[in-house]
Amino acid sequence: MSDTLTLTSAVDGFAFSARRVQPQGPRKGGVVVIQEIFGIDSYIQADLERWAARGYEAIAPSLFDRVTPGYVAEHDPEGFQTGVANVGKVGIPAMLSDIQACIDALTGAGPVFAVGYCLGGSLVWQAAAKLTGLAAGSSYYGSQVGANAALPLSCPVIVHLGAKDGHIPADTVKAAVEAAHPDVPVYVYANSGHGFNNDGRPDSDLADAELARERTVALFEANGAGA
Numbered sequence: 001m002s003d004t005l006t007l008t009s010a011v012d013g014f015a016f017s018a019r020r021v022q023p024q025g026p027r028k029g030g031v032v033v034i035q036e037i038f039g040i041d042s043y044i045q046a047d048l049e050r051w052a053a054r055g056y057e058a059i060a061p062s063l064f065d066r067v068t069p070g071y072v073a074e075h076d077p078e079g080f081q082t083g084v085a086n087v088g089k090v091g092i093p094a095m096l097s098d099i100q101a102c103i104d105a106l107t108g109a110g111p112v113f114a115v116g117y118c119l120g121g122s123l124v125w126q127a128a129a130k131l132t133g134l135a136a137g138s139s140y141y142g143s144q145v146g147a148n149a150a151l152p153l154s155c156p157v158i159v160h161l162g163a164k165d166g167h168i169p170a171d172t173v174k175a176a177v178e179a180a181h182p183d184v185p186v187y188v189y190a191n192s193g194h195g196f197n198n199d200g201r202p203d204s205d206l207a208d209a210e211l212a213r214e215r216t217v218a219l220f221e222a223n224g225a226g227a
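For the sequence shown, position 187 (counting from the first letter as 1) is numbered 187 according to full-length UniProt numbering, and the numbering increases by one without interruption.
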């Protein structure tokens with residue numbers, strides 16, 4: 001069962017929407033699913049459903065509501081440019097505040113986790129450093145992870161990167177993270193490029209995507225999911 005929530009950001013009192021899918025079977029915890037720059041599109045909705053099928057209450061904040069409520073774009077050059085512009089217009093502090101509101105909405109009924117892709121991968125890393133209430137986070141191909149590698153983390157995090165990613169130099173990011181946090185696993189997937197969690201996309205390898213998901217599940221279970 002899915003619905004749309006209205007939550008309020010503490011940073012500016014803005015009321016934003018979030019897509020929620022209820023867990024199937026026994027509830028294992030909550031997970032904040034953090035979008036790419038394309039909004040809550042079909043790929044993020046599919047990810048919400050995957051997490052719900054695994055027993056998690058899954059919430060995805062619509063991070064660009066301050067610019068365009070319910071924003072969704074195509075995965076094409078125009079959608080990419082508009083998404084990048086939206087990041088600048090909204091700003092990282094406001095997006096992190098929206099994520100905190102989602103964490104707070106899930107708190108009290110088991111551990112809360114975060115998983116994010118592209119923009120969301122960068123935000124998971126910063127959320128693990130700056131927000132409260134997260135039990136663990138899984139960061140996928142975030143372009144700002146390397147630049148923020150030295151941030152102190154308050155919960156366990158794992159990082160997923162595509163070896164064929166033309167936007168993010170996987171080896172450089174891996175080296176930066178491992179230098180700052182030797183205990184943080186950084187997985188590089190040989191057959192995949194950017195956005196490989198999006199099933200059916202050109203840079204996606206299904207075996208890599210499924211392995212990354214299983215590693216994320218293992219991280220969550222090691223940090224209280226289903227306990």
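Cβ coordinates follow ideal geometry from the N, Cα and C atoms, glycine included.
Given a length threshold of 4 residues, each whole run of the alpha helix (DSSP H) inside the segment 84–134 is given here in chain order: 92–106 and 119–130.
Between residue 74 and the set 42, 139, 87 and 22, the nearest pair of CA atoms involves 42.
With fewer than 16 other Cβ atoms inside 10 Å of its own Cβ, residue 89 counts as exposed. Leaving aside the five residues that flank residue 128 on each side, the residues in its chain whose CB is nearer than 7 Å to its CB run, in chain order, 134, 137, 153, 154, 155 and 157. By the CB criterion at 8 Å, residue 176 and residue 149 fall inside the cutoff. It is roughly 21 Å from the alpha-carbon of residue 8 to the alpha-carbon of residue 119. Classified as exposed, residue 167 has fewer than 16 neighbouring CB atoms from the shown chains inside 10 Å of its CB. Pairwise C-beta distances place the segment 108–123 in contact with the segment 22–33, as three or more of them are shorter than 8 Å. Taking C-beta atoms under 8 Å as the contact rule, residue 19 and residue 63 fail to qualify, at a distance of about 12 Å.
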